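A.B. asks:
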Amino acid sequence: MENGLNNKITCIKGVGAKRAETLAKLGIETVGDLLDYYPRAYLDMSKTVPIREITDGEPAAVRATLITDVSVKRTGRGGSLALYSFFVSDGTDSMQITLFNQKYTAEKLMRGGEYIFYGKGEVTGFFRTIKSPIIEPADNASVFPVYPLSAGINQKMLRTSVRAALNEYSGLIKETLPDEIIEKYGLIGRKEAYENIHFPENAEDSKKALHRFVIEELLYFILGLSVLKKKNRKRVSKPLTCPVDMSVFYSSLSFELTGAQKRVINECIEDMRRPLSMTRLVQGDVGSGKTVVAAALMYYAKMCGAQSAMMAPTEVLAVQHHSNLSSLFEKLGITCALLTGSTGAAERRRIKEGILSGKIDILIGTHALIQKDVAFKDLALVIADEQHRFGVNQRSALTEKGENPHTLIMSATPIPRTMALILYGDLDVSVIDELPAGRQNISSFVVNSAAHEKMYGYLREQIMAGRQAYVVCPLIEENDESETRSVIEFSEQLAEKYLKYINIAYLHGKMPAKEKETVLRKFSEGEISVLVSTTVIEVGINVPNATVMIIENAEKFGLSQLHQLRGRVGRGSKKSWCFLVTDLGGQSRSRLENFCKTTDGFEISRQDLELRGPGDLFGSRQHGLPGLRLASLADMDSLHDAQQIASEITSKKGWYSLPEYSEIASAVVRLFGKTTVV
Numbered sequence: 087m088e089n090g091l092n093n094k095i096t097c098i099k100g101v102g103a104k105r106a107e108t109l110a111k112l113g114i115e116t117v118g119d120l121l122d123y124y125p126r127a128y129l130d131m132s133k134t135v136p137i138r139e140i141t142d143g144e145p146a147a148v149r150a151t152l153i154t155d156v157s158v159k160r161t162g163r164g165g166s167l168a169l170y171s172f173f174v175s176d177g178t179d180s181m182q183i184t185l186f187n188q189k190y191t192a193e194k195l196m197r198g199g200e201y202i203f204y205g206k207g208e209v210t211g212f213f214r215t216i217k218s219p220i221i222e223p224a225d226n227a228s229v230f231p232v233y234p235l236s237a238g239i240n241q242k243m244l245r246t247s248v249r250a251a252l253n254e255y256s257g258l259i260k261e262t263l264p265d266e267i268i269e270k271y272g273l274i275g276r277k278e279a280y281e282n283i284h285f286p287e288n289a290e291d292s293k294k295a296l297h298r299f300v301i302e303e304l305l306y307f308i309l310g311l312s313v314l315k316k317k318n319r320k321r322v323s324k325p326l327t328c329p330v331d332m333s334v335f336y337s338s339l340s341f342e343l344t345g346a347q348k349r350v351i352n353e354c355i356e357d358m359r360r361p362l363s364m365t366r367l368v369q370g371d372v373g374s375g376k377t378v379v380a381a382a383l384m385y386y387a388k389m390c391g392a393q394s395a396m397m398a399p400t401e402v403l404a405v406q407h408h409s410n411l412s413s414l415f416e417k418l419g420i421t422c423a424l425l426t427g428s429t430g431a432a433e434r435r436r437i438k439e440g441i442l443s444g445k446i447d448i449l450i451g452t453h454a455l456i457q458k459d460v461a462f463k464d465l466a467l468v469i470a471d472e473q474h475r476f477g478v479n480q481r482s483a484l485t486e487k488g489e490n491p492h493t494l495i496m497s498a499t500p501i502p503r504t505m506a507l508i509l510y511g512d513l514d515v516s517v518i519d520e521l522p523a524g525r526q527n528i529s530s531f532v533v534n535s536a537a538h539e540k541m542y543g544y545l546r547e548q549i550m551a552g553r554q555a556y557v558v559c560p561l562i563e564e565n566d567e568s569e570t571r572s573v574i575e576f577s578e579q580l581a582e583k584y585l586k587y588i589n590i591a592y593l594h595g596k597m598p599a600k601e602k603e604t605v606l607r608k609f610s611e612g613e614i615s616v617l618v619s620t621t622v623i624e625v626g627i628n629v630p631n632a633t634v635m636i637i638e639n640a641e642k643f644g645l646s647q648l649h650q651l652r653g654r655v656g657r658g659s660k661k662s663w664c665f666l667v668t669d670l671g672g673q674s675r676s677r678l679e680n681f682c683k684t685t686d687g688f689e690i691s692r693q694d695l696e697l698r699g700p701g702d703l704f705g706s707r708q709h710g711l712p713g714l715r716l717a718s719l720a721d722m723d724s725l726h727d728a729q730q731i732a733s734e735i736t737s738k739k740g741w742y743s744l745p746e747y748s749e750i751a752s753a754v755v756r757l758f759g760k761t762t763v764v
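In terms of the numbering used here, the sequence shown opens at residue 87 and continues consecutively.
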């Protein structure tokens, strides 16, 4: 941040030690922090309605005159609660307003004074009022910022502090973008943007300010990733150039690979044959066969005398990968091992000795792989499954186990290619855009709980026909104890009410690893007919005989998550069904009905971005991304503009040393580290 804006907030007029202490709870310690503490919404108090048009439960602004004195009544134990009441009129009607413990506000009100009252409308019979309104003098009617707050500070105090900061320090706000970029892309200046994002005169002003800061944030982000990508391309790695007959691997499979799978395998092998480290993202829709692509590359690495490591985000998925891959590689004389947090001490010692000596060729596991005491003899390939669930630091910790090993990231969250190139700007991108032959379409339906008997009756018919099914049970609360209780209780209810004499088992995140492994094995082998689970089965579970997926309380899930869950069925040659259970109507039901109309993961991801933003789609990858406070990866227009600006800047050799880009280079360094731009 610019010098001067680094001053402590106590330098601002009206901000004393006590207020500074409260602001610090919001992460505001300097003048710059305060200016960068953006509003979450705006109140347009210039758009008023008559009292008679107040609607129950809807926000409204009313311009009215105080027609009585303010009376006070004390209630509660020891008179601790003060109720301040008065009547106001707008000439068409009158209403009573009550304030709770707002002495400061009440004492400022004058009989005969005209004010704007803003808040949620309340209608009881013929009487209308606004509940606990925000009150401003009528001549102050304008657009007010609304900030996220913490205890001890209110909106007025924060607005006053920001106003004082802008009055005193706006002269120190430096422009970061060159004039030609500002003019070409129709942006406003940075100083004007700060003024308008905090105190806009109208909605258009706030939009222009927001757009300016969004472009700025995305530009820094894209530039930082582009520099990281160039650095990755310079990482010297062991080239795996030995002659490998991949037909040996292909002929060991019980199915034919798709053209897309073979294309992606070849793209990766081309990377691995170079003396520079591969850093590639492979994304594909649910069931497109990413795991067998990873297996082919691990086979290639082994044939070149090197080891591979594969890290999964959950123990359930790690166990599943190990089960599938070890049975495949056993026929080829390749040794696999599984290392998770649940691995016993003796087995852990055996595995550590095996990977250090080279007796173990492939190590599959969870975060346990990145522990300091895990060392490889010759790690040449690192595969991270479901990258959007891992932090970049964890990925780096695994690659440090070898000498710049080749890195492959696999994601089952399909996103538009343009967005993938930006979000994963430090990686090359391959897309598996073809599903294996023989896959049946999945029929999806939205039903309410009144259809339980009919729906579970149909599930029972499928079980009697030799098929299997999943039931994702409703989660009552977001904690582990509730998850466990919910799964067990729901399983018991199903067994008693709808699925008597059918072999049911449950699976949840807190089960011991051995129990999870046993349940998954029995389900895979057909001993268990119905698996009741939380979203722990969201990714990677592959049972071709499963043809029914029932998701209770489906409205609680994002579309991309529902797509992952639905993708657990439809993996064989038999017709499959997915039932989404919800008792909600309106937009919530429409969202689910639209989901049922398509099985295209890219289209579903696009809808999810529009409806929920990137948090659901990218999880931790979006959370904590450098510098993205206002910008959303769902804003494709702004992403496109920022990408264009970044291309124009990076086309100039040594751009980070040019004076016109000095502020941009400094911002990238602040966000991505001192060694980023060199």
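From the three backbone atoms N, C-alpha and C, an ideal C-beta is built for every residue, glycine too. Since this is a predicted model, take the numbers as computed values, not measurements.
Leaving out five residues on either side along the sequence, give the residues of the same chain with a beta carbon under 6 Å from the beta carbon of K159.
C.D. replies: L169.
A.B. asks: In three-state DSSP terms, what is D514?
C.D. replies: D514: strand per DSSP, three-state reduction.
A.B. asks: Count the other CB atoms within 10 Å of the CB of N253; is the residue buried (16 or more) or exposed (fewer)?
C.D. replies: N253 is exposed by the Cβ-count criterion.
A.B. asks: Mind listing, in chain order, the continuous alpha helix (DSSP H) runs of no fewer than 4 residues lying wholly within the stretch 114–171?
C.D. replies: Taking only runs of at least 4 residues, the alpha helix (DSSP H) segments lying wholly in the stretch 114–171 are 117–121.
A.B. asks: Checking 8 Å against the spacing of the C-beta atoms, do V248 and Y128 come in under that value?
C.D. replies: Result no, Cβ atoms of V248 and Y128 do not sit closer than 8 Å.
A.B. asks: Taking the alpha-carbon positions, what's the K586 to L580 distance?
C.D. replies: Approximately 8 Å, taken between the alpha carbons.
A.B. asks: Specify, as a first and last residue, the run of the alpha helix (DSSP H) that L367 falls within.
C.D. replies: Run containing L367: none in the alpha helix (DSSP H); it sits in the beta strand (DSSP E), T365 to G370.
A.B. asks: To the nearest angstrom, how far is it from the Cα of L666 to the Cα of S674?
C.D. replies: Cα-Cα distance, rounded: 12 Å.
A.B. asks: Quick check on this structure: which residue in P630, F173 and I140 has the alpha carbon closest to the alpha carbon of R214?
C.D. replies: Checking every option, the nearest Cα to that of R214 belongs to I140.
A.B. asks: Please list the terminal residues of the continuous alpha helix (DSSP H) segment that includes S337.
C.D. replies: Where S337 is concerned, the enclosing alpha helix (DSSP H) stretches over M332 to S338.
A.B. asks: What span of residues does the beta strand (DSSP E) with I528 cover, start to end?
C.D. replies: Start and end: I528 to V533.
A.B. asks: Which partner residues does C664 have in the DSSP bridge list?
C.D. replies: Answer is S530 and M635.
A.B. asks: Measure the Cβ-Cβ separation of A599 and T400 and say whether it is below 8 Å.
C.D. replies: No, the pair does not count as a contact, with Cβ atoms beyond the cut-off.
A.B. asks: Between which residues of its own chain and P361 is the CB-CB distance below 7 Å, once the five residues before and five after are set aside?
C.D. replies: Here the set comprises V322, S323 and P325.
A.B. asks: At which residues does the alpha helix (DSSP H) containing Q730 begin and terminate?
C.D. replies: M722 to T736 is the span of the alpha helix (DSSP H), which, as asked, contains Q730.
A.B. asks: What residue range is occupied by the uninterrupted alpha helix (DSSP H) comprising I267?
C.D. replies: Counting along the chain, the alpha helix (DSSP H) containing I267 begins and ends at D265 to K270.
A.B. asks: Classify R276: buried if its beta carbon has 16 or more other beta carbons within 10 angstroms, exposed otherwise.
C.D. replies: So R276 counts as buried.
A.B. asks: Taking buried to mean at least 16 other C-beta atoms within 10 Å of its own C-beta, is K104 buried or exposed?
C.D. replies: Classification of K104: exposed, given that the 10 Å Cβ count is below 16.
A.B. asks: Alpha helix (DSSP H) containing C354: first to last residue?
C.D. replies: Start and end: G345 to M358.
A.B. asks: Terminal residues of the continuous alpha helix (DSSP H) containing Y190?
C.D. replies: Run containing Y190: K189 to K194, per the alpha helix (DSSP H) assignment.
A.B. asks: Provide the residue span of the alpha helix (DSSP H) that contains T377, from first to last.
C.D. replies: Here the alpha helix (DSSP H) through T377 covers K376 to M389.
A.B. asks: Could you give the distance in angstroms between the alpha-carbon of K133 and the alpha-carbon of T184?
C.D. replies: Going from the Cα of K133 to the Cα of T184 covers about 22 Å.
A.B. asks: Taking the alpha carbon of Y201 as the point to measure from, which residue in G211, F186, F172 and K189 has its own alpha carbon closest?
C.D. replies: Minimum Cα distance to Y201 is reached at F172.
A.B. asks: Buried or exposed: T633, going by 16 or more other Cβ atoms within 10 Å of its Cβ?
C.D. replies: T633 comes out buried.
A.B. asks: For F758, does the three-state DSSP call read helix, strand or coil?
C.D. replies: Helix, per DSSP.
A.B. asks: Do you know offhand how far I98's Cα is from A251's?
C.D. replies: Near 6 Å, if we compare the C-alpha coordinates of A251 and I98.
A.B. asks: What are the start and end residues of the alpha helix (DSSP H) that includes A599?
C.D. replies: A599 to S610 is the span of the alpha helix (DSSP H), which, as asked, contains A599.
A.B. asks: If you drop the 5 nearest sequence neighbours on each side, which residues of the same chain put their C-beta closer than 8 Å to that of T620?
C.D. replies: Within the same chain, T620 has close Cβ partners V558, C559, L561, E569, S572, V573, L593, H594 and G595.
A.B. asks: Cβ atoms of Q393 and I448: under 8 Å apart, would you say?
C.D. replies: Cβ atoms of I448 and Q393: closer than 8 Å.
A.B. asks: Cα-Cα, which of K388, A398, V101 and S443 is closest to E416?
C.D. replies: Per the Cα distances, K388.
A.B. asks: Quick check: what's the CA-CA separation for K270 versus Q730?
C.D. replies: For K270 and Q730, the distance between alpha carbons rounds to 11 Å.
A.B. asks: Quick check on DSSP: helix, strand or coil for I469?
C.D. replies: Residue state, collapsed to three classes: strand.
A.B. asks: Distance check for R756 and H297, CA to CA, integer angstroms please.
C.D. replies: One C-alpha to the other measures close to 21 Å.
A.B. asks: Quick check: F576 and A591, are their CB atoms within less than 8 Å of each other?
C.D. replies: For F576 and A591, no; Cβs fall outside 8 Å.
A.B. asks: Quick check on E88: does DSSP put it in helix, strand or coil?
C.D. replies: Here E88 scores only 47 on pLDDT, less than 50, and its place in the model should not be relied on; the value that follows carries that caveat. Coil.
A.B. asks: Does the pairing of the stretch 142–154 with the stretch 112–123 give three or more beta-carbon distances under 8 Å?
C.D. replies: No contact exists between the stretch 142–154 and the stretch 112–123.
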